[in-house]
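Asks:
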Amino acid sequence: MTHGSEKKAVAPRTAELVDEVRDSAKAGTEAATKALRRFRDTADQALPGSVQPLRKKIVDAAIELADQLVDAQYKFHRSIVRSADRALSKPEDEKK
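FYI, the numbering for the sequence shown is 4 to 99, going by my numbering.
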């Protein structure tokens with residue numbers, strides 16, 4: 004395979020990887036959103052109205068935790084894509 008055709012083959016693989024990572028990140032965000040809704044609903048049912056400030060504090064902490072987890076997942080996925088792009092973009096003689 005020549006270097007030019009090698010680059011053409013790499014581009015679709017990189018694009019596929021980016022799409023897969025994007026889909027995974029979206030699924031992770033949606034899962035976190037659903038989990039937060041379930042958590043909030045459970046807190047609403049379990050904690051009486053008289054402890055509303057405590058309930059709000061707990062739910063806010065859970066939202067912050069989920070936000071940090073989603074952000075970490077996003078950074079991890081971005082790192083994977085960058086590393087894969089570099090690895091797939093190297094000419095064959097550099098990979099050895």
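All residues carry an ideal CB built from backbone N, CA and C; glycine is no exception. Only a predicted model underlies this, so the values are computations on that prediction, with no experimental measurement involved.
Do Leu-91 and Arg-16 have their C-beta atoms closer together than 8 Å?
Replies: Their beta carbons are under 8 Å apart, which means Leu-91 touches Arg-16 by this criterion.
Asks: Put Pro-51 into one of helix, strand or coil per three-state DSSP.
Replies: If DSSP states are grouped into helix, strand and coil, Pro-51 belongs with coil.
Asks: In whole angstroms, what is the alpha-carbon distance linking Ser-86 and Tyr-77?
Replies: Between Ser-86 and Tyr-77, the C-alpha separation is close to 14 Å.
Asks: Secondary structure at Ala-93, three-state DSSP: helix, strand or coil?
Replies: Here residue 93 is Lys; the residue named in the question, Ala, does not match the sequence. Note: Lys-93 maps to coil in three-state DSSP.
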